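Shown next, in structure tokens, is the structure this report addresses.
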Amino acid sequence: MSTITHSSGQRSRKDLECTAAATAYQREFVTELKKRVIDAGEPFAIAQADTPHEIFHVMDIPLVTNQWWSAYISAKQLSNHYDQVLGKLGYPANRCRYCSLGLACTLDNNPRVAPWGGLPKPTVLVARLTCECIEHVFSQWATALGSEFFPLEAPGWQHKDPQWFRNSNERWDEVFEQRRIELLVREMRELIALLEARTGRKFDEDKFLQLMLAINEQEGYIAEAAEMIGAARPCPVSIAEQMPNTMIPQWHRGSPWAVAHARRFRDEVKQRIAAGVGVGSRERLRLMWIGAGLWHDPGFYSALEDQYGAVFVWSMYMPFAGPQYIRELRDRPMHALASRICSMNEVLHLPPWMNEWMVSEAQRCDIDAAVMLVPPDNRLSQSGTKITEHALARAGIPTLALSADMVSAKDWSHERMVQHVAGFLRQEGLL
Numbered sequence: 000m001s002t003i004t005h006s007s008g009q010r011s012r013k014d015l016e017c018t019a020a021a022t023a024y025q026r027e028f029v030t031e032l033k034k035r036v037i038d039a040g041e042p043f044a045i046a047q048a049d050t051p052h053e054i055f056h057v058m059d060i061p062l063v064t065n066q067w068w069s070a071y072i073s074a075k076q077l078s079n080h081y082d083q084v085l086g087k088l089g090y091p092a093n094r095c096r097y098c099s100l101g102l103a104c105t106l107d108n109n110p111r112v113a114p115w116g117g118l119p120k121p122t123v124l125v126a127r128l129t130c131e132c133i134e135h136v137f138s139q140w141a142t143a144l145g146s147e148f149f150p151l152e153a154p155g156w157q158h159k160d161p162q163w164f165r166n167s168n169e170r171w172d173e174v175f176e177q178r179r180i181e182l183l184v185r186e187m188r189e190l191i192a193l194l195e196a197r198t199g200r201k202f203d204e205d206k207f208l209q210l211m212l213a214i215n216e217q218e219g220y221i222a223e224a225a226e227m228i229g230a231a232r233p234c235p236v237s238i239a240e241q242m243p244n245t246m247i248p249q250w251h252r253g254s255p256w257a258v259a260h261a262r263r264f265r266d267e268v269k270q271r272i273a274a275g276v277g278v279g280s281r282e283r284l285r286l287m288w289i290g291a292g293l294w295h296d297p298g299f300y301s302a303l304e305d306q307y308g309a310v311f312v313w314s315m316y317m318p319f320a321g322p323q324y325i326r327e328l329r330d331r332p333m334h335a336l337a338s339r340i341c342s343m344n345e346v347l348h349l350p351p352w353m354n355e356w357m358v359s360e361a362q363r364c365d366i367d368a369a370v371m372l373v374p375p376d377n378r379l380s381q382s383g384t385k386i387t388e389h390a391l392a393r394a395g396i397p398t399l400a401l402s403a404d405m406v407s408a409k410d411w412s413h414e415r416m417v418q419h420v421a422g423f424l425r426q427e428g429l430l
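The sequence shown maps to residues 0 to 430 in numbering that gives the first Met the number 0.
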């Protein structure tokens with residue numbers, strides 16, 4: 000793995016009409032969220048991405064997702080500043096930036112620098128205890144904000160089904176283990192009780208059921224788009240447009256806008272395939288991006304596409320929609336939701352679930368090589384990377400591991416990293 004010196008990132012190219020619509024909607028949402036949280040002082044929550052956002056949506060409680068907030072800070076070019084803040088406060092050098100930028104923003108307590116002037120006191124902070132740093136970060140963050148941390152357990156997963164993605168939609172109680180699902184259902188009911196007591200807002204079971212049905216519809220459209228993109232030659236949509244058209248609706252999943260946008264995205268993908276439109280001017284290689292998005296330099300992907308015809312066909316966000324979000328509800332929507340939440344990080348980061356799924360996806364999309372982001376201080380994102388790298392190699396897919404962070408540009412250079420990947424592709428005889 001190689002660590003590169005710092006320079007600023009670049010913007011990515013956008014070709015789809017629905018990409019502009021998604022980013023415009025998100026800008027409006029952020030403006031409205033700021034008004035509700037900062038200006039109007041509504042109750043709100045801070046939560047990790049792998050927590051039951053659906054509960055907050057049903058109760059109309061504004062939600063700031065920690066990972067989204069970190070990406071937002073990174074996009075504002077503030078990650079290095081807050082990294083230095085934690086360093087001066089004596090936090091260990093090997094801290095996880097993705098999880099701790101929000102804490103740093105609060106501890107810095109500088110409204111002139113912070114986005115929105117910083118976050119006020121939330122009703123609650125919620126996270127699953129998926130790695131050892133989570134409890135420390137959220138406990139200290141809750142203390143700094145004068146709020147409460149509500150942890151969700153992440154018990155060991157004894158049932159090992161490497162082909163989980165083939166059985167997850169219908170046999171979810173078997174695949175994701177009934178005892179783990181029941182535990183999370185109990186915890187979610189406790190969270191609902193806490194929110195009702197603190198906010199005076201009620202959880203509507205009928206509204207929740209309709210939301211879960213709408214999410215199934217939305218994820219079905221995203222899954223269709225993922226299948227079409229994997230099969231199409233040339234690839235019709237770049238990774239830099241796959242991500243926003245998947246993740247922006249995911250932050251609002253089940254809403255009328257999110258369902259309609261997922262359908263619109265699916266339809267525009269279909270139109271581009273029918274017209275024979277590809278990413279950039281040519282496609283010579285099909286690449287797989289493993290890991291979180293490179294939020295501080297999305298132009299990295301476009302540069303490889305434009306300069307070398309090396310097209311990133313795959314990232315985890317879009318194909319994850321089908322196996323991990325769609326659930327046959329079976330009159331148990333809360334249990335169906337728990338099966339999704341209790342496994343989200345595990346199937347993305349831990350063997351045997353991570354490696355088996357990614358090999359299957361690489362074969363489905365006819366991938367020539369993979370590039371894997373390995374944040375040096377993000378323990379969860381490192382967990383299954385070596386095993387996945389070996390599994391891909393056994394399947395004939397060379398993999399380059401990049402030692403870089405998804406939100407910190409401290410040791411990143413756009414130009415040198417593009418050349419680094421190009422050198423790897425030449426070494427493998429692909430360029």
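Where a beta carbon is used, it is the ideal one built from N, C-alpha and C, also for glycine.
Only a predicted model underlies this, so the values are computations on that prediction, with no experimental measurement involved.
What's the call for arginine 26, buried or exposed, on a 16-neighbour Cβ count within 10 Å?
-> exposed
Compare the Cα-Cα distances from glutamate 427 to each of Thr30, Arg415, Gly395 and report the closest residue.
-> Gly395
Mind pulling the beta strand (DSSP E) runs of 3 or more residues that sit fully within the region 338-389?
-> 368-372
Rounded to whole angstroms, how far is the Cβ of tryptophan 163 from the Cβ of tryptophan 288, which I believe are closer than 8 Å?
-> About 21 Å; that fails the 8 Å criterion.
Under the three-state reduction of DSSP, which class applies to threonine 64: helix, strand or coil?
-> strand
Continuous alpha helix (DSSP H) stretch holding phenylalanine 55: start and end | 52-57
What are the boundary residues of the beta strand (DSSP E) that includes proline 248?
-> Per DSSP, proline 248 belongs to no beta strand (DSSP E); it is in the alpha helix (DSSP H), 238-250.
Which value, in whole angstroms, describes the spacing of the CA atoms of threonine 4 and serine 402?
-> At threonine 4, the pLDDT of 34 sits below 50, so the modelled position is not reliable; the number obtained from the coordinates is stated separately. Each residue's Cα considered, the two are about 12 Å apart.
Look at the alpha carbon of glycine 89 and the alpha carbon of asparagine 79, and state the distance between them as a whole number of angstroms.
-> 16 Å
In this structure, does DSSP put threonine 122 in helix, strand or coil?
-> coil
What's the gap between the Cα of aspartate 410 and the Cα of glycine 292?
-> 16 Å
Using the Cα positions of arginine 425 and histidine 52, report the straight-line distance between them to the nearest angstrom.
-> 44 Å
Less than 8 Å between the CB atoms is what I'm expecting for proline 91 and alanine 126, so what's the real figure, rounded?
-> So it is not a contact: roughly 19 Å between Cβ atoms.
Give the DSSP-derived three-state secondary structure of isoleucine 325 in the structure shown.
-> coil
Starting from proline 42, follow the beta strand (DSSP E) in both directions and report where the run begins and ends.
-> Looking at the DSSP string, proline 42 is not in any beta strand (DSSP E), and its letter there is neither H nor E.
From the DSSP output, in three-state form, read off valine 29 for me.
-> helix
Assigned secondary structure, valine 406 (DSSP; H/G/I helix, E/B strand, else coil) = coil
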